[in-house]
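Peer 1:
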Amino acid sequence: MASNADTSPHTAAGDLLVLAIVSSSVETGQIRGWLDRYRADHAGAHVDVLQLPSADPSPAEMAQLVAALEHDENRLVMPLRVFWMPPAEASIPSRIAALLPGWNPYQPNERRQRRIIRTNPALARVVTGEPATVADLRRQWSEKTVGENPRDFAHYVTRRAALALERAEYRILGPQYKSPRLVKPEILASARFRDGLQNIPGATVDEAGKMLDELSTGWSRASVDLVGVLTRMLSRGFDQDIDYDEYQVAALRTALENHPAVLLFSHRSYIDGAVMPVAMAENRLPPIHVFAGINLSFGLMGPLLRRSGVIFIRRSIGNNPLYKYVLREYVGYVMEKRFNLSWSIEGTRSRTGKMLPPKLGLMSYVADAYLDGRSDDVLLQGVSISFDQLHETTEYADYARGGEKTPEGIGWLYRFIKAQGERNYGKIYVRFPEAVSMRQYLGAPHGEAAQDEAAKRLALQKMSFEVAWRILRATPINATGLVSALLLTTHGLALTLDQIHHSLQDGLDYLERKQTPISNSALRLRTRDGVRAAVDALSNGHPVTRVDGGRQPVWRIAPENEHAASFYRNSVIHAFLEASIIELALACAGRTEGDRVAAFWDQAMRLRDLLKFDFYFADSATFRENIAEEMSWFPDWESRVAAGPAGIDTLLSQKRLLMSDVMLRVFFEAYEIVADVLRDAPDQIGETELTQLALGVGRQHVAQGRIRSSESVSTLLFATARQVVADQGLLESGPHLQERRAEFRNELRRILKDSDHIARIARREFNTREAEAREERRRARGR
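What the sequence shown shows, in UniProt numbering, is residues 1 to 783, in sequence order.
Below, the structure written as structure tokens:
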């Protein structure tokens with residue numbers, strides 16, 4: 001059966017079987033009135049009515065349906081039921097109460113139904129699903145299910161009727177109420193599912209059904225209405241209005257009308273999963289079904305979140321072929337029915353502030369569904385979620401120092417919600433960059449990628465990285481990230497408001513020239529008032545410390561707050577990454593004898609290779625084009641580089657915005673600490689042992705002044721550093737291993753010396769501009 005949102009009698013005259021779904025005598029009366037009007041309008045029609053309960057029909061009722069379906073294969077079957085509209089305006093308490101039995105406005109009890117008919121009868125509407133012939137239904141049943149007897153067919157018809165009525169109702173309510181129903185019986189009855197189940201040794205339908213119970217989710221209509229309340233809860237810690245790009249929202253709305261989508265969001269906070277449904281509901285977009293770890297299904301949270309579109313999946317499924325199969329089929333069913341899924345493209349929260357590599361596990365199930373022909377395309381829609389501030393940065397700083405993750409539970413949830421209300425964290429920004437087409441990367445369904453697992457995986461990697469790249473480019477740069485980056489350059493020294501203001505202007509000029517998206521808070525940094533607002537919002541150790549008592553206040557980032565500040569700094573590095581690499585490559589060329597232009601290019605590509613585990617880059621050819629375009633802002637740059645160190649230093653001075661020391665130094669310091677540990681480590685060393693040794697060596701380096709701050713001593717950075725040394729072949733036994741380890745450490749030290757050189761030029765330029773600014777202020781006072 002299809003569906004029809006038209007609630008008036010509309011079917012052409014003919015033999016008709018009406019399946020009337022009722023839950024009370026009140027609904028029976030409403031349907032009886034509808035049927036009287038229908039018969040009056042269609043005098044020649046022969047109408048049989050079979051009344052079925054809204055819950056599971058009894059065996060006797062199913063026997064009646066079996067007989068009715070065998071009466072005539074050409075007869076039309078049309079479902080109908082009473083749809084109870086909610087009041088136009090509902091208070092927050094009534095929306096919360098709607099989750100309780102008997103208080104759901106969409107399923108009022110009989111007493112409330114009578115009151116509605118008496119006081120506001122327009123809220124009771126009879127809806128119909130578009131009819132289908134018994135023959136068409138029987139053909140669909142035989143093609144898609146494993147049913148073998150008339151009773152199986154009757155159950156299939158009741159499921160089709162329920163789904164047709166659901167579609168009719170959400171067309172009245174709006175797309176934000178669309179949600180999958182009857183998932184478990186539909187999948188378990190599927191011939192496709194049963195055939196695949198037979199290929200798994202020891203698998204049973206009952207066990208598969210239990211797994212589907214664990215996975216199945218859906219948005220109850222009362223939960224959809226509570227999204228607004230959820231927004232209020234979020235606004236305890238953030239501005240009430242989420243910041244959207246309306247053009248991107250309009251484009252997404254159009255795209256979702258044509259294809260199912262997977263919305264892949266960046267992940268910095270636990271509240272990302274709550275932001276997603278709010279963003280969809282506020283913009284009247286179809287609801288999404290968000291995958292989350294089953295560790296979040298505790299206490300009352302599990303049932304509540306399941307009714308709010310959350311799909312809980314097990315953390316480890318590597319040795320369970322049945323669970324993998326059930327999950328794969330569940331994803332395929334949702335895609336086939338054109339519902340939208342969502343999860344973090346990074347797989348977990350980024351505790352460093354920069355974007356993590358994409359995870360491909362769930363994506364492969366979506367690709368399988370597409371390649372099997374269950375959808376003619378699937379859109380991979382990136383979603384950038386960013387924040388002015390997060391209270392979770394304190395937790396991330398503890399992780400970086402070697403702390404352990406706090407297990408989720410009721411106590412954890414209480415503390416999390418309490419922390420949300422302790423102060424204002426600014427705005428939440430949501431962006432929807434252009435979607436990526438799965439068809440474009442995988443080809444047509446049943447094509448080459450469906451037969452070649454290696455080709456499929458390569459395509460998945462490419463399109464996942466493209467989604468992540470688009471998320472990064474769409475993420476607006478905010479004031480928090482820029483101010484944190486600036487104050488981290490001073491390594492604990494305080495700056496005045498004027499110093500912060502004029503130091504930020506070069507960065508803003510650069511972002512404007514590159515047409516990088518920036519937030520309103522960043523735009524306001526053009527003014528002293530905007531800068532003052534930004535540093536005040538970050539004060540009291542969040543992570544900026546304000547120092548009073550002198551002629552004017554000054555602001556600094558204290559050593560104990562550097563890890564938290566680095567989270568915000570790291571969130572903006574992508575906008576300055578290529579420019580920072582250029583600076584280090586120029587410094588390398590300045591100390592090189594011979595062809596300095598070639599040395600510049602070699603070092604730029606080498607730095608890209610070393611940093612590839614920490615950052616996203618364009619492909620090699622595009623990266624070179626980007627570097628060349630950036631350097632084209634300096635006339636005759638190649639001849640000036642070739643001229644030697646003096647010409648290169650002049651180039652760096654003219655660049656004005658020198659960011660590599662603050663943006664990239666900590667990563668190379670983390671790599672160097674790990675490389676230092678490897679000096680006398682065994683050929684093969686475990687990850688935990690390497691991290692603990694690096695923490696110890698790093699803390700000593702801080703105490704000795706061998707590195708500038710404790711920010712580099714981070715388990716989070718050491719995890720990536722281990723990937724870097726492994727990529728260099730330094731964790732496996734081989735010829736000249738100790739010599740290669742030593743040479744790699746020396747290479748990193750040369751890079752850090754280049755960073756020192758750039759920092760000196762930056763300090764000199766800062767002092768020069770400070771003197772110019774003081775002179776300008778003196779002249780202004782003289783006038």
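Cβ coordinates follow ideal geometry from the N, Cα and C atoms, glycine included.
DSSP has Ser386 in a bridge; who is on the other side?
Peer 2: Tyr429
Peer 1: Can you name, in chain order, every residue of its own chain whose Cβ lies under 7 Å from the Cβ of Leu523, other than the five neighbours on each side?
Peer 2: none
Peer 1: Let me know the beta strand (DSSP E) ranges lying completely inside the segment 517-583, each 3 residues or longer, listed in chain order.
Peer 2: 545-547, 554-556
Peer 1: Exposed or buried, what is Leu341 when buried is set at 16 or more other beta-carbons lying within 10 Å of its beta-carbon?
Peer 2: Buried: at least 16 other Cβ atoms inside 10 Å.
Peer 1: Closest by CA to Thr128, which one among Thr348, Ala642, Leu165?
Peer 2: Taking only the C-alpha atoms, the option nearest Thr128 is Leu165.
Peer 1: So the candidates are Ala168, Val77, Ile573, Gly373; which of them puts its Cα closest to the Cα of Gly443?
Peer 2: Gly373
Peer 1: My output table needs one value for Leu322: the three-state DSSP class, helix, strand or coil.
Peer 2: helix
Peer 1: Should Ile467 and Val436 be called a contact, given that it needs their Cβ atoms to be closer than 8 Å?
Peer 2: Contrary to the premise, residue 467 reads as Val rather than Ile in this sequence. Yes; because the gap between Cβ atoms is below 8 Å, this pair is in contact.
Peer 1: Please work out which residues of its chain come closer than 8 Å, Cβ to Cβ, to Val547, disregarding the five sequence neighbours upstream and downstream, and give them in chain order.
Peer 2: Ala494, Pro553, Val554, Trp555, Arg556
Peer 1: What separation, rounded to the nearest whole angstrom, lies between the Cα atoms of Ala628 and Glu689?
Peer 2: Looking at the two C-alpha atoms, the distance is approximately 42 Å.
Peer 1: Tell me Pro125's beta-bridge partners as DSSP assigns them.
Peer 2: First, the residue type needs correcting, since residue 125 is Arg and not Pro in the sequence shown. DSSP output for Arg125 lists Phe83 as bridge partner(s).
Peer 1: Pick from Asn258, Asn295, Thr254: whose alpha carbon is nearest that of Arg284?
Peer 2: Thr254
Peer 1: Here's the rule: buried if 16 or more other CB atoms are within 10 angstroms of the residue's CB, otherwise exposed. What is Val383?
Peer 2: buried
Peer 1: Buried or exposed for Ala55, please, with buried defined as at least 16 other CB atoms from any protein chain shown within 10 angstroms of its CB.
Peer 2: With fewer than 16 other Cβ atoms within 10 Å, it is exposed.
Peer 1: In its own chain, which residues sit with a C-beta less than 8 Å from the C-beta of Arg781, not counting the 5 before and 5 after it?
Peer 2: none
Peer 1: Please work out which residues of its chain come closer than 6 Å, Cβ to Cβ, to Glu346, disregarding the five sequence neighbours upstream and downstream, and give them in chain order.
Peer 2: Correct list, in chain order: His267, Leu356.
Peer 1: Between the segment 359-379 and the segment 255-266, are three or more C-beta pairs nearer than 8 Å?
Peer 2: yes
Peer 1: In the DSSP assignment, what are the bridge partners of Ile477?
Peer 2: Ile518
Peer 1: Would Asp661 and Ile758 qualify as a contact pair, given that the criterion is a beta-carbon distance under 8 Å?
Peer 2: yes
Peer 1: Which partner residues does Phe312 have in the DSSP bridge list?
Peer 2: Ala292
Peer 1: Quick one: measure Cβ to Cβ for Asp47 and Leu35, integer angstroms, because I've assumed they're closer than 8 Å.
Peer 2: The residue asked about is misnamed: residue 47 is Val in this sequence, not Asp. Val47 to Leu35, Cβ: 7 Å. Contact.
Peer 1: What is the C-beta distance between Met335 and Ser364, in whole angstroms, given that I count them as a contact (C-beta under 8 Å)?
Peer 2: That belief does not hold up - the Cβ atoms of Met335 and Ser364 are roughly 13 Å apart, past 8 Å.
Peer 1: When burial is assigned at 16 or more other CB atoms within 10 Å of the CB, is Ala13 buried or exposed?
Peer 2: Reliability fails at Ala13, whose pLDDT of 44 lies under 50, so the model's placement of it is uncertain and the value that follows must be treated cautiously. Per the 10 Å Cβ criterion, exposed.
Peer 1: Does DSSP put Asn626 in a helix, a strand or coil?
Peer 2: When secondary structure is reduced to three states using DSSP, Asn626 falls in the helix class.
Peer 1: Whole-angstrom Cβ separation of Ala675 and Phe744, contact assumed at under 8 Å?
Peer 2: Yes, Ala675 and Phe744 are in contact; Cβ-Cβ is about 5 Å, under 8 Å.
Peer 1: To the nearest angstrom, how far is it from the Cα of Glu739 to the Cα of Phe718?
Peer 2: Taking C-alpha positions only, Glu739 is separated from Phe718 by approximately 22 Å.
Peer 1: Kindly indicate which residue of Glu593, His42, Arg679, Ser190 has the alpha-carbon position closest to the one of Tyr330.
Peer 2: Ser190
Peer 1: Secondary structure at Met688, three-state DSSP: helix, strand or coil?
Peer 2: The question names Met, but residue 688 in the sequence shown is Thr. Thr688 falls in the helix class under three-state DSSP.
Peer 1: With H, G and I counted as helix, E and B as strand and the rest as coil, what does DSSP make of Thr352?
Peer 2: coil
Peer 1: Which same chain residues end up closer than 6 Å to Ser709 when comparing Cβ atoms and leaving out the 5 residues on each side of it in sequence?
Peer 2: His491, Glu562
Peer 1: First and last residue of the alpha helix (DSSP H) that includes Val157?
Peer 2: 150-173
Peer 1: Give me the Cα-Cα distance between Glu148 and Arg138, rounded to the nearest whole angstrom.
Peer 2: 11 Å
Peer 1: Beta carbon of Val310, beta carbon of Leu212: below 8 Å?
Peer 2: no
Peer 1: Ordered along the chain, which non-local residues of its own chain (more than five positions away) have a Cβ less than 6 Å from that of Ala642?
Peer 2: Arg596, Val597
Peer 1: Report the rounded CA-to-CA distance for Val18 versus Gln198, giving the unit in angstroms.
Peer 2: 38 Å
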